[in-house]
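Residue numbers (this note's numbering), protein chains in the order written: chain D, 1 to 254; chain A, 255 to 532.
From the three backbone atoms N, C-alpha and C, an ideal C-beta is built for every residue, glycine too.
Everything numeric in this text was worked out from a predicted model, so none of it was measured.
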Amino acid sequence: MVTINPKIETKNLNVWYGDHHVIKDVNLKIFEKIVTAIIGPSGCGKSTFLMTLNRLLDLNSDVHVEGEVLLDGRNIYEPRLDLIEVRRRIGMVFQKPNPLPKSIYENVAYGPRVHGIKDRKVLGGIVETCLQDVVLWDEVYDRLKDSAFELSIGQQQRLCMARALAVKPDVLLMDEPTSSLDPAATAKIERLVRVLGKDYTIIIVTHNMQQAARVSDLTAFLYLGKIIEYGDTRSMFEKPREKLTENYIIGKFG
Amino acid sequence: MKYQSPKERVLPYLFSVPAIILILASISILLFVGTGGVLAINWEMVSKSVLKGGIFEPIVGTLYLLSGTMAISLPIGVLTAVYLVEYAPKGRTNRIITQAMNNLAGVPSIVFGLFGYSFFCRFLGFGISLLSGWLTLTCMVLPIVIRGSQEAIRMVPKTFREAAEALGASKWRAIRDLVLTTAAPGIATSTILGISRVAGETAAILFTSSVFLMRGLPSTPFDPVMVLTYHIYVLLVTSPSPVLDRVFAMALILLGLVVVLNILAYVVRLYYRKRKRW
């Protein structure tokens, strides 16, 4: 494990939904250009944690966040911050593929358009590169004008990844990106995560431990809103330090 | 077969009676006005000025009145709905506004007419004019447009907004690009239905906007206008022996207008429901 400056660091992060305390004092350092998995049983706050990192949690009312999330050392919860720029730098892929009700092309071009790119040539270039990055280009290059809903679920999820990449983020948050996919589509996404993990800082939430083992370099085990264990993926799966982690990994609960 | 008590067996028939009455009533209205109108109507009458015994100005005047009302109520209604659903804090104020709006929908149209007369015509000095009519009818249509738009906006999957905002779109940008475009058919439908509701309105324009006779069509929004409903009303009430074929012709056109609007709303909804893929 390299000890460089973290890309993202949370400091005493706490989240409440109303009175329900979901994230409890989480201090976590996420390192650049590696894949970090967050595992844990459902309802333990994995997705909530992920959505605090790009402040998408703000969309819900009745949510209260305390503590800091530092992106390259700067707190993204500070009042006068450019949220749009933060969201550009931290992309997100959701649990269920959520293409926009637009064409395949427009789905990828939407982000760049939002950030002010108007030139059609530039947009076309971005669309092609991003679709190639997610290995979707060859499947869709001749029907870019079709609705994104014409694609299979697996293709939709890769389209959503391309859409996230199109705004040139540094970080990619992935919230159980394969939970609604079949094994073949899952394998494709996992391969992508491995490849993209060399260029992007990826944080992937999953309840599938084999997946965490396959794709990630570091793993954090989150249980009831607390980080129980965090470290090198292989050693965590082979030799967990905590009893709780071991019980979860061998399937005693979850 | 399952045993049913005699009461259980009779009740369905009993309950169907009002439904049958309703159907018969609407069929007879259609037949009555329809045959009367069809027998009376001809192109010459439709295209000729009222001054020469035609009904041209009231037809076009009605269209003026309705299209203006639509143009005013649509943006106001949509903005209000967006505000109520997306921006206004969900609390007592929101509930009070919504409740006030529902009550507004139940206010008798003559009251709207009185309000329009005293506020738009007198207080704001618009006089008996197309503009006063637009504004008065807008007050009547708005609750329908707003409620329909609210529904349509709420139906837009939350995932669209999430996806857009996660890419860095501002809240308004996401609403504009995704929520409004997705809700557009629903908004259009409710606006058309609202307009068809006031197409036959008489009381609200009685003293705000319409006159029985004038030369030609209004040339500015500050001119009064001749309208089908009001024209029918005056013909029936004031003349000792009304010329019924003109009345029937105008009633038929009015009926046709409402039917067309309703069909239009239905078609819009159907077309987009078929295309909807999420």
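Since residue i sits in a beta bridge, which residues does DSSP pair it with?
i         : result
Ala220(D) : Ile38(D), Tyr230(D)
His20(D)  : Tyr17(D)
Ile173(D) : The residue you asked about is not Ile; residue 173(D) is Leu in the sequence shown. Its beta-bridge partners are Met92(D), Ile203(D).
Leu28(D)  : Thr10(D)
Val479(A) : Ser464(A)
From which residue to which residue does the alpha helix (DSSP H) around residue i run?
i         : result
Asp138(D) : 137-140
Ile441(A) : 435-453
Gln156(D) : 153-165
Gln211(D) : 209-215
Ile486(A) : 482-492
Val340(A) : According to the sequence provided, residue 340(A) is Glu. The question's Val does not apply to it. Premise fails: Glu340(A) is in no alpha helix (DSSP H) and is neither H nor E.
Phe223(A) : There is no way to answer for residue 223(A), as the model of chain A reaches only from 255 to 532.
Ala428(A) : 425-428
Could you give the DSSP three-state label for residue i: helix, strand or coil?
i         : result
Ser147(D) : strand
Leu53(D)  : coil
Ile117(D) : coil
Val287(A) : helix
Arg74(D)  : strand
Ala243(D) : Reading the sequence as shown, one finds Lys at residue 243(D) and not Ala. Helix.
Lys188(D) : helix
Ile407(A) : helix
Asn12(D)  : strand
Gly387(A) : helix
Val361(A) : coil
Met468(A) : coil
Val522(A) : helix
Gly125(D) : helix
Ser103(D) : strand
Gly67(D)  : strand
Gln258(A) : coil
Cys375(A) : helix
Asn516(A) : helix
Val497(A) : coil
Thr347(A) : helix
Asn98(D)  : coil
Ile507(A) : helix
Val271(A) : helix
Asp182(D) : coil
Arg401(A) : helix
Arg80(D)  : coil
Lys33(D)  : coil
Asn356(A) : helix
Ile249(D) : helix
Ile382(A) : coil
Ile277(A) : helix
Gly111(D) : helix
Lys46(D)  : helix
Ser473(A) : coil
Ser61(D)  : coil
- prompt: Between the stretch 210-226 of chain D and the stretch 189-196 of chain D, do three or more beta carbon pairs fall short of 8 Å?
  reply: yes
- prompt: Is there contact here, the stretch 86-93 of chain D with the stretch 154-171 of chain D, by at least three beta-carbon pairs under 8 Å?
  reply: yes
- request: Report yes or no: do three or more beta-carbon pairs, one from the stretch 422-438 of chain A and one from the stretch 98-111 of chain D, lie closer than 8 Å?
  value: yes
query: So, do the stretch 200-209 of chain D and the stretch 120-134 of chain D have three or more beta carbon pairs nearer to each other than 8 Å?
result: no
message: Using a Cβ distance threshold of 8 Å, determine whether the stretch 308-320 of chain A contacts the stretch 476-487 of chain A, with at least three qualifying pairs required.
response: yes
task: Determine, using beta-carbon pairs with one atom in the stretch 352-364 of chain A and one in the stretch 434-450 of chain A, whether at least three such pairs fall under 8 Å.
output: no
- prompt: Do the stretch 71-83 of chain D and the stretch 235-248 of chain D make contact, defined as three or more Cβ pairs closer than 8 Å?
  reply: no
Sequence ranges, alpha helix (DSSP H) only - wholly within the stretch 280-335 of chain A, length at least 4: 297-301
query: If we count Cβ pairs, one from each stretch, closer than 8 Å, do we get three or more for the stretch 314-326 of chain A versus the stretch 445-458 of chain A?
result: yes
query: Do three or more CB pairs link the stretch 451-471 of chain A to the stretch 402-418 of chain A at distances below 8 Å?
result: no
query: Would you say the stretch 458-474 of chain A touches the stretch 376-388 of chain A, given that touching needs at least three Cβ pairs under 8 Å?
result: yes
- prompt: Should the stretch 491-502 of chain A be called in touch with the stretch 469-477 of chain A, which here means at least 3 C-beta pairs below 8 Å?
  reply: no
query: Between the stretch 390-399 of chain A and the stretch 324-344 of chain A, do at least 3 Cβ pairs fall closer than 8 Å?
result: yes
- prompt: So does the stretch 284-296 of chain A actually touch the stretch 500-512 of chain A, counting three or more Cβ pairs closer than 8 Å?
  reply: yes
message: When you compare the stretch 39-47 of chain D with the stretch 218-232 of chain D, are there three or more beta-carbon pairs, one atom per stretch, that lie closer than 8 Å?
response: yes
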